[in-house]
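>
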Amino acid sequence: MTISSTTGLVSGIDYQSIIDKMTSLNERPITILENKQSDLQSVSDALGTVSSVLTTLYDQVESMLTEDDLNSTSASSSDEDYLTVEADSTASLGSYSIEVTQLAKASRATASGLAEKTSTVASSSGNFAITVADTTSTYEVTATTTLQDLADAINSDDDSLVKATIVDTGDDTTPYTLVLTSKTTGTDNDITVSDNDTDLTFTTTAGQNAKISIDDLTITRSTNTFDDVVDGLTFTAVAVTDDDSPVTVSVSRDSSTLEESINSFVDDYNAVMTQIESLTAYDSSTETSGVLGSVSAIRSLKSALAKMISTQVSNTESDYTSLASIGLTLDEDGVLSFDSSSFEDALDDDAAGVEAVFGRMGNSLSSEVTFVSSTTSTASGSYALNVTTAAERATITATQTLTTDGLTSAENLTFTIGDTTDDTSDTTFTVGLDAGDTLDQIIVKLNAAFAAQDVDYTATSDDGVLILQSDEYGDEQTFSVTSDQDSSTSGQLGIGTTTITDTGVDVEATLGGVSLKGDGQTLTGLSDSKFEGLELTVTSEEAMTTTVNLTNGIANQMMNYLDTYLDSSTGIITVKQDSLADSISSINDTIDSIQTRVDAEAARMKKQFTALETTLANYSTIASYITAISSSTSSSDS
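Under my numbering, the first residue of the sequence shown carries the number 378, and numbering increases by one thereafter.
#1: Tell me the DSSP secondary structure of Tyr850 in three-state form.
#2: Restricting to Cα atoms, I'd like to know which of Ser629, Gly871 and Thr766 is closest to Ser454.
#3: Pull up the distance between the alpha-carbon of Ile653 and that of Glu918, whole angstroms please.
#4: Under the assumption that Ala761 contacts Thr657 (Cβ atoms under 8 Å), give the Cβ distance between them as a whole number of angstroms.
#5: For my contact list, Asp863 and Gly873 are in at a C-beta cut-off of 8 Å; report their separation, rounded to the angstrom.
#6: Put Tyr697 into one of helix, strand or coil per three-state DSSP.
#7: Report buried or exposed for Asp645, applying the criterion of at least 16 other Cβ atoms within 10 angstroms of its Cβ.
#8: Output yes or no for whether 7 Å exceeds the beta carbon distance between Ala599 and Ser484.
#9: Does Asp811 pass the burial test, meaning 16 or more other C-beta atoms within 10 Å, or should it be called exposed?
#10: When the Cα atoms are used, what is the spatial distance from Leu669 to Ala423?
#11: Within 10 Å of its beta-carbon, does Ser381 have 16 or more other beta-carbons around it, so buried, or fewer, so exposed?
#12: What would DSSP say about Thr613, mapped onto helix, strand or coil?
#13: Please work out which residues of its chain come closer than 6 Å, Cβ to Cβ, to Leu876, disregarding the five sequence neighbours upstream and downstream, and give them in chain order.
#14: Could you tell me which of Met982, Thr408, Val626 and Ile931 sits nearest to Asp969, measuring between CA atoms?
#15: Given Met936, which residues of its chain have a CB within under 8 Å of its CB, disregarding the five upstream and five downstream residues?
#16: Go to Asn926, then tell me how far its beta strand (DSSP E) extends in each direction, as first and last residue.
#17: DSSP three-state call for Lys984: helix, strand or coil?
#18: For Val731, which residues from the same chain have a beta carbon less than 7 Å from its beta carbon, with the 5 sequence-adjacent residues on both sides left out?
#19: Mapping DSSP to helix, strand and coil, what is Asp593?
#20: Let me know if Ser912 comes out buried or exposed under the rule of 16 or more other beta-carbons within 10 Å of its beta-carbon.
#21: As an exercise, report each continuous alpha helix (DSSP H) stretch of at least 4 residues that is fully enclosed by the region 465-541, in chain order.
#22: Is Gly809 helix, strand or coil by DSSP?
#23: Which term fits Leu594, buried or exposed, when burial requires 16 or more other beta carbons within 10 angstroms of its beta carbon?
#24: From the DSSP output, which residues share a beta bridge with Gln585?
#25: Is it buried or exposed for Asn965, if we count other Cβ within 10 angstroms and need 16 for buried?
#26: Report buried or exposed for Arg737, applying the criterion of at least 16 other Cβ atoms within 10 angstroms of its Cβ.
#27: Hey, would you say Asp879 sits closer than 7 Å to Ala729, going by beta carbons?
#28: In whole angstroms, give me the CA-to-CA distance for Ser343 and Asp549.
#29: Does the structure place the region 676-683 close enough to the region 463-481 that three or more beta carbon pairs sit under 8 Å?
#30: Within 10 angstroms of its Cβ, does Asn566 collect 16 or more other Cβ (buried), or is it exposed?
#31: Counting only the same chain and skipping the five closest in sequence on each side, list residues whose C-beta sits under 6 Å from that of Thr569.
#32: Looking at the structure shown, is Ser1001 part of a helix, part of a strand, or coil, going by DSSP?
#33: For the beta strand (DSSP E) that contains Lys894, what are its first and last residues?
#34: What residues in its chain sit with their C-beta under 7 Å from that of Asp896, if we drop five residues either side in the sequence?
#35: Tell me the DSSP secondary structure of Val430 in three-state form.
#36: Classify Asp716: buried if its beta carbon has 16 or more other beta carbons within 10 angstroms, exposed otherwise.
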């Protein structure tokens, strides 16, 4: 007998409807869980939205803390036809009167002329060598080498320090002339034709240094670029100025970049507050809160940020101690606005004070301790700085006093300049001194040798005694010197034939009882310490104590606070979203478990109804059989 899948053919019962209703009843817990799951996902999505706007605000605040934004300067030249100028953030505000008295020129060597570019330059094989400074380039020539061949050989040599040009002078018989020009300007880069097996003769023009006069101080450089004269400024000489017509260079503060950053900060801050308000606000008409209304960490975030905007900065002597004092104010609705005029006035009045409001500043009670920088990891407050060891240069002092008669005999000093971090970089050289050389002449020779060897050492004197000293401080500076004259010999320097070595010393100090790392005169906070990211410079020549004040500006405080929400591992939002994800996953597992039980129950009921129909069908067959027998018996009796 065929049984319908939904209605019993024998019983007439719509058992599928019964199963569906029972299944729907059993699935009610799933619906409740799915609704809860949806609510949790909405909270997680909303937290993601908050995280996005907070990240934008964080990035903007971080950009405001960069040195270029806070200390940006601009420089201008009154006449760029004569002098141009560029400034970086370290340039001091002010003006300079500059005259360009001489431009740098490259040395030239001009050859005698030939009839054609294809004319040969030599009668036989040999060499043609060019020397610039201490570098020589040599080229082979033969009886078939043409003027063009020689020029091409020089120009194709990547190591060549000259450029070769063939010039047509217009001469009737020998118009083609080879001109060699040094690739580097200045008197130290003159060209010398040091080996010449060609038939060419050369006339050499010396190179020339550039000269400028800054406020009556004459400065000479080998190029037209002066990038080490005034901190933060690079001058480029373009043309010689007319007599009594100096160029005025003005350095002023450039607040435009910072103002753009502040305007972006204002927009991003207001966007955060608007977003949080929309996700947490209570609707009295529906008596419901926003999706994040029950998340206390988000509600407290809004109030904390608003409070931070009104925070007073401590550890500063400036009159500007809050964002409101420099033009950033909250209205009665909590909307942040920026008054650029008030900001510019504050910046002109006290740039350091304005910087302290935004970022990280510091000072000390001693002129021998200078705050350089700090980071968001650096603690704020006032701390005692205890310098236990002052930084020292590597220094060697001779033992003899040299009279005005100078050296009695010639003396050779052999130096080994080292770097304690790299033994392979030692530089050894000997400086020869002549009999009769005075101490001043000796100092000139030694300093010239140091410059030629490109080592940062200086020779000076004190009461007729020679002093040799590294320019830098710290234990990376080390050198030794020995003489070919005995130290006890009168009329000599008193260095001696036994090698003398000295090494500099790094500064050592603690701040608030916490050890700092010394490197020369620089102190830095150790990683993972409360002063991580701090950098101080100590110029004291002896142990000392003082107080260092570290200021944590509003932007710095805000970054630290936002980081507690945004940190990818421990941030409040991250932890909350991870917890929500776990809850959603757990609910999903519960739903799957319930659904499995519901499906099993539906299958069980269907099986039971099927069995019932089968039984009823069998009973129906038996009943029909009995009825048939009864009918047959009745017919026989009659």
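Every residue gets a Cβ at the ideal spot worked out from N, C-alpha and C, and that includes glycine.
For clarity, every value in this text was computed on a predicted model and none was experimentally measured.
Let me lay it out:
#1: As a first step, residue 850 is located in the sequence shown; it is residue number 473 there, counting from the start. Three-state DSSP puts Tyr850 in a strand.
#2: In the sequence shown, counting from the first residue as 1, residue 454 sits at position 77. If you compare the alpha carbons of Ser629, Gly871 and Thr766 with that of Ser454, the shortest gap goes to Ser629.
#3: Within the sequence shown, numbered from 1, the residue matching residue 653 stands at position 276. Within the sequence shown, numbered from 1, the residue matching residue 918 stands at position 541. Cα to Cα, the separation comes out at about 55 Å.
#4: Translated into positions along the sequence shown, residue 761 becomes position 384. Translated into positions along the sequence shown, residue 657 becomes position 280. Not a contact, Cβ separation roughly 45 Å.
#5: Working through the sequence shown from its first residue, we reach residue 863 at position 486. Working through the sequence shown from its first residue, we reach residue 873 at position 496. Contact holds; Cβ gap of about 6 Å.
#6: Position 320 of the sequence shown, counted from the first residue, corresponds to residue 697. Note: Tyr697 maps to coil in three-state DSSP.
#7: Here residue 645 is taken as the residue at index 268 of the sequence shown, counted from 1. Residue burial annotation: Asp645 is buried, with at least 16 other C-beta atoms found within 10 angstroms of its C-beta.
#8: Against the sequence shown, residue 599 aligns to sequence position 222. Against the sequence shown, residue 484 aligns to sequence position 107. Per the sequence presented here, residue 599 reads as Ser, with Ala not at that position. Taking C-beta atoms as the reference points, Ser599 and Ser484 fail to come closer than 7 Å.
#9: What you label residue 811 is simply residue 434 of the sequence shown in a count that begins at 1. Exposed.
#10: As a working mapping, residue 669 is identified with position 292 in the sequence shown. As a working mapping, residue 423 is identified with position 46 in the sequence shown. Put simply, the backbone Cα of Leu669 is about 7 Å away from that of Ala423.
#11: Position 4 of the sequence shown, counted from the first residue, corresponds to residue 381. Interpretation of Ser381 is limited by its pLDDT of 46, a score under 50 that renders its predicted location unreliable; the figure taken from the coordinates is listed afterwards. Its Cβ having fewer than 16 others within 10 Å, Ser381 is exposed.
#12: Residue 613 sits at position 236 when you count from the first residue of the sequence shown. Reduced to three states, the DSSP call for Thr613 is strand.
#13: Taking the first residue of the sequence shown as 1, we reach residue 876 at position 499. A small correction: the amino acid at residue 876 is Thr; Leu does not occupy that position in the sequence shown. If we look at Thr876 and ignore the five residues flanking it on each side, its Cβ neighbours are Ser857 and Thr859.
#14: Your numbering for residue 969 matches position 592 in the sequence shown. For the residues Met982, Thr408, Val626 and Ile931, the minimum Cα distance to Asp969 belongs to Thr408.
#15: Reading the sequence shown from its first residue, position 559 is the one you call residue 936. Counting only residues of its own chain and dropping the five nearest sequence neighbours on each side, Met936 has a CB closer than 8 Å to the CB of Tyr435, Val438, Glu439, Leu442 and Thr753.
#16: For the purposes of this step, residue 926 is taken as the residue at position 549 of the sequence shown. Where Asn926 is concerned, the enclosing beta strand (DSSP E) starts and stops at Met921 to Asn929.
#17: Along the sequence shown, one-based indexing puts residue 984 at 607. Three-state result, Lys984: helix.
#18: The count along the sequence shown starts at 1 and reaches residue 731 at position 354. Answer for Val731: Tyr697, Ile703, Ala723 and Leu724, listed in chain order.
#19: Here residue 593 refers to the residue found at position 216 of the sequence shown. Looking at Asp593 - three-state DSSP - the assignment turns out to be coil, as it is neither helix nor strand.
#20: If you number the sequence shown from 1, residue 912 lands on position 535. With the sequence shown as reference, residue 912 is identified as Glu, and Ser is not the correct amino acid for it. It is buried - the Cβ of Glu912 has at least 16 other Cβ atoms within 10 Å.
#21: Runs of the alpha helix (DSSP H) inside the region 465-541: 524-532.
#22: Within the sequence shown, residue 809 is the residue found at index 432, counting from 1. Reduced to three states, the DSSP call for Gly809 is strand.
#23: The sequence position of residue 594 within the sequence shown is 217, counting from 1. Classification for Leu594: exposed.
#24: Start at 1 with the first residue of the sequence shown, and residue 585 comes out as number 208. Residue pairing by DSSP puts Gln585 in a beta bridge opposite Lys482.
#25: Residue numbering aside, residue 965 sits at position 588 when the sequence shown is read from its first letter. Exposed, since its Cβ has fewer than 16 Cβ neighbours within 10 Å.
#26: Taking the sequence shown and counting its residues from 1, one reaches residue 737 at position 360. Buried, since its Cβ has 16 or more Cβ neighbours within 10 Å.
#27: To locate residue 879, count along the sequence shown from 1; it is residue 502. To locate residue 729, count along the sequence shown from 1; it is residue 352. Not in contact: Asp879 and Ala729 (Cβ atoms no closer than 7 Å).
#28: Residue 343 lies beyond the range of the chain shown here (378 to 1015); nothing can be said about it.
#29: Short answer: they don't touch.
#30: Position 189 of the sequence shown holds residue 566. So Asn566 counts as buried.
#31: Numbered from 1 along the sequence shown, position 192 holds the residue referred to as residue 569. If we look at Thr569 and ignore the five residues flanking it on each side, its Cβ neighbours are Thr508.
#32: Translated into the one-based positions of the sequence shown, residue 1001 becomes position 624. In the structure shown, Ser1001 adopts helical secondary structure according to DSSP, grouped into three states.
#33: As a position in the sequence shown, residue 894 is number 517, starting the count at 1. Following the DSSP letters along the chain, one finds Lys894 inside the beta strand (DSSP E) bounded by residues Val891 to Asp896.
#34: Here residue 896 refers to the residue found at position 519 of the sequence shown. Residues Gly851 and Asp883 of the same chain have their beta carbon placed closer than 7 Å to that of Asp896, with the five preceding and five following residues left out of the count.
#35: Indexing the sequence shown from 1 puts residue 430 at position 53. DSSP, reduced to helix, strand and coil, places Val430 within a helical segment of the structure shown.
#36: For the purposes of this step, residue 716 is taken as residue 339 along the sequence shown, with counting starting at 1. With fewer than 16 other Cβ atoms within 10 Å, it is exposed.
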